[in-house]
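A.B. asks:
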Amino acid sequence: MLPIDLSGKNALITGGTRGIGRAISQTLASAGASTLALYRSDRAAADESLSVRQWAGPDAAHANIVCDISKESEIAALSGPIRDIMNNRVDLLILSAGIGSRGAWNETSVDDWKHLIDTNLTSAVLLTRLVTPLMPSGGSIVSIASGAGHEGLRGTALYGASKAGLILFTQSLAQEVGPQGIRANVVSPGFTETAFSGKTPSEETKQRVAASTALRRTGKPDDVAGVVLFLCSDLSGFVTAQAIRVNGGIV
Numbered sequence: 002m003l004p005i006d007l008s009g010k011n012a013l014i015t016g017g018t019r020g021i022g023r024a025i026s027q028t029l030a031s032a033g034a035s036t037l038a039l040y041r042s043d044r045a046a047a048d049e050s051l052s053v054r055q056w057a058g059p060d061a062a063h064a065n066i067v068c069d070i071s072k073e074s075e076i077a078a079l080s081g082p083i084r085d086i087m088n089n090r091v092d093l094l095i096l097s098a099g100i101g102s103r104g105a106w107n108e109t110s111v112d113d114w115k116h117l118i119d120t121n122l123t124s125a126v127l128l129t130r131l132v133t134p135l136m137p138s139g140g141s142i143v144s145i146a147s148g149a150g151h152e153g154l155r156g157t158a159l160y161g162a163s164k165a166g167l168i169l170f171t172q173s174l175a176q177e178v179g180p181q182g183i184r185a186n187v188v189s190p191g192f193t194e195t196a197f198s199g200k201t202p203s204e205e206t207k208q209r210v211a212a213s214t215a216l217r218r219t220g221k222p223d224d225v226a227g228v229v230l231f232l233c234s235d236l237s238g239f240v241t242a243q244a245i246r247v248n249g250g251i252v
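Residue 144 in my numbering is what sits at position 143 of the sequence shown, and the numbering runs on without skipping anything.
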């Protein structure tokens, strides 16, 4: 098996201390990358994630930064830490942070809708504007979307719209940054066992979803992290503008 070595690479991961983002941060650290993980509020989870990354990738530098990516001012303020911690170079940008919608499409307030879009979509635009000038040839951008962004599903109208926008933005971005040797791809997880939006899925839900997949199981954060690792490596050097679905073959 070909080893994946990301030594000397700097990775910036949004939502990088919990759930899928945490698995991605730890996987990249294990491959030798230095990691800067953004998180909003859970300091205990962030500290634990940092300890694991430092253990997994002891030869690289690792740090956490508090950042509410729904706020333009906090994204702009990242320029300082990126300069000080990463020497103004970002090789890998993983857009993993996201939130779900708080209610039905016809019951959600306009303010909540705007917050959803600011978090799931506008943040991607602002972060790529900030980071791509600092990204060398060979850089990789990976956006974490959702199966809900690929097809209309009952109960996901607003969330799905935000993720569909992220998918198309990333694929279009790939055309813009490709001449600079930068790739941009999407990973769209299916049902993955995380406490998304603070809710842990029930056993009944997990069994029902597992029965709907070709592999007869639910996804784990590491399933997604492995695909992201591939997209960050030279093994995917000719892969860009793609949306890869990691869902166990939902039927």
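Note that CB positions come from ideal geometry on N, CA and C, so glycine has one too. Note that the coordinates shown come from a computational prediction; the quantities given were computed from them, not determined experimentally.
Does the structure place the region 184-195 close enough to the region 144-151 that three or more beta carbon pairs sit under 8 angstroms?
C.D. replies: Because the criterion of three Cβ pairs below 8 angstroms is met, the region 144-151 and the region 184-195 touch.
A.B. asks: According to DSSP, Arg-184 sits in a beta bridge with which residue or residues?
C.D. replies: Looking at the DSSP assignment, Arg-184 forms a beta bridge with Ser-141.
A.B. asks: On a CA-only basis, which of Arg-218, Thr-241, Ser-80 and Ala-64 is nearest Gln-27? Give me that one, please.
C.D. replies: Per the Cα distances, Ala-64.
A.B. asks: Just confirm the distance between the C-beta atoms of Ile-25 and Ile-95, as a whole number of angstroms; I'd bet it's less than 8 angstroms.
C.D. replies: Going by Cβ atoms, the distance from Ile-25 to Ile-95 rounds to 6 angstroms, so yes, they are a contact pair.
A.B. asks: Does the region 198-213 come close enough to the region 62-79 to have 3 or more Cβ pairs within less than 8 angstroms?
C.D. replies: The region 198-213 is not in contact with the region 62-79.
A.B. asks: Going by C-alpha distance, which of Arg-19, Gly-16, Thr-36 and Arg-23 is nearest Lys-10?
C.D. replies: For the residues Arg-19, Gly-16, Thr-36 and Arg-23, the minimum Cα distance to Lys-10 belongs to Thr-36.
A.B. asks: Given a cut-off of 8 angstroms on the beta-carbon distance, is the pair Ala-242 and Ala-165 in contact?
C.D. replies: Contact flag unset, no.
A.B. asks: Helix, strand or coil, according to DSSP, for Thr-214 in the structure here?
C.D. replies: Note: Thr-214 maps to strand in three-state DSSP.
A.B. asks: Quick check on the burial criterion: 16 or more other C-beta atoms within 10 angstroms. Buried or exposed for Asp-48?
C.D. replies: With fewer than 16 other Cβ atoms within 10 Å, it is exposed.
A.B. asks: Compute the Euclidean distance between the alpha carbons of Val-132 and Val-228, then round it to the nearest angstrom.
C.D. replies: Answer to the nearest angstrom: the Cα atoms are 22 angstroms apart.
A.B. asks: Measure from the alpha carbon of Ala-215 to the alpha carbon of each residue in Gly-249, Gly-156, Leu-236 and Ile-21, then state which is nearest.
C.D. replies: Cα-wise, what sits closest to Ala-215 is Gly-249.
A.B. asks: Return the bridge partner residues of Val-67 from the DSSP annotation.
C.D. replies: Tyr-40, per the DSSP bridge assignment.
A.B. asks: Once you ignore the five residues that flank Gly-33 on each side, which residues in its own chain have a CB closer than 8 angstroms to its CB?
C.D. replies: So the qualifying residues of the chain are Asp-6, Leu-7, Ser-8, Gly-9, Lys-10, Gly-58, Asp-60 and Ala-61.
A.B. asks: Spell out the partners DSSP gives Ile-95 in its beta bridges.
C.D. replies: Ile-95 is bridged to Ile-14 and Val-143.
A.B. asks: Are Gly-22 and Ala-98 touching if we call contact CB-CB under 8 angstroms?
C.D. replies: Yes, Cβ-Cβ distance for Gly-22 and Ala-98 is below 8 angstroms.
A.B. asks: Report all residues from its chain with a CB closer than 7 angstroms to the CB of Arg-218; omit the five preceding and five following residues, and keep chain order.
C.D. replies: Correct list, in chain order: Ala-211 and Gly-249.
A.B. asks: Short of 6 angstroms in beta carbon distance, which residues of its chain neighbour Ala-261, apart from the five on each side in sequence? Order them along the chain.
C.D. replies: Because the chain is modelled from 2 through 252, residue 261 falls outside the range shown and cannot be assessed.
A.B. asks: So, using beta-carbon positions, are Ala-125 and Phe-170 closer together than 8 angstroms?
C.D. replies: Yes. Within cutoff.
A.B. asks: For Pro-222, count neighbouring Cβ atoms within 10 angstroms of its own Cβ and tell me buried if that reaches 16, exposed if not.
C.D. replies: Result: buried.
A.B. asks: According to the neighbour-count rule (16 or more other Cβ atoms, all chains shown, within 10 Å of its Cβ), is Val-67 buried or exposed?
C.D. replies: When all chains shown are included, Val-67 counts as exposed.
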